[in-house]
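Student: First the structure, which I've put down as structure tokens, then a few questions once you've had a look.
Residue numbers (the working numbering): 591 to 675.
Okay, structure coming up:
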């Protein structure tokens with residue numbers, strides 16, 4: 591289930607500001623790996639969601655579970671796979 595529209599706006603802002611600070615303004619990569627639809631093609635949505643929620647050990651990717659629900663992380667993954675608006 592998609593988050594309410596007000597929460598969607600908050601999540602898109604979070605992704606652009608917080609994720610974009612490491613993954614690049616247009617998600618083409620930087621400190622973090624690219625998050626474009628082409629770069630994510632073939633990756634499991636569940637694995638991507640878990641990376642958002644739990645981070646990646648040994649990298650600079652932090653866990654976002656304190657700030658996001660599982661459904662919200664899944665919605666972010668779907669937006670990244672489609673290409674953020």
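For glycine and all other residues, C-beta sits at the position ideal for the given N, C-alpha and C.
Can you tell which of 650, 623, 640, 672 has the C-alpha that lies nearest to the C-alpha of residue 661?
Tutor: For residue 661, the nearest C-alpha among the options comes from 640.
Student: Does the beta-carbon of residue 673 have 16 or more other beta-carbons within 10 angstroms, so that it is buried, or is it exposed?
Tutor: It is exposed - the Cβ of residue 673 has fewer than 16 other Cβ atoms within 10 Å.
Student: So is residue 658 buried or exposed if we call it buried at 16+ other beta carbons inside 10 Å?
Tutor: When all chains shown are included, residue 658 counts as buried.
Student: Express the C-alpha separation of residue 671 and residue 626 in angstroms, rounding to a whole number.
Tutor: Residue 626 and residue 671: Cα-Cα distance of roughly 7 Å.
Student: According to DSSP, is residue 656 part of a helix, a strand, or is it coil?
Tutor: In this structure, residue 656 counts as coil in the three-state DSSP scheme.
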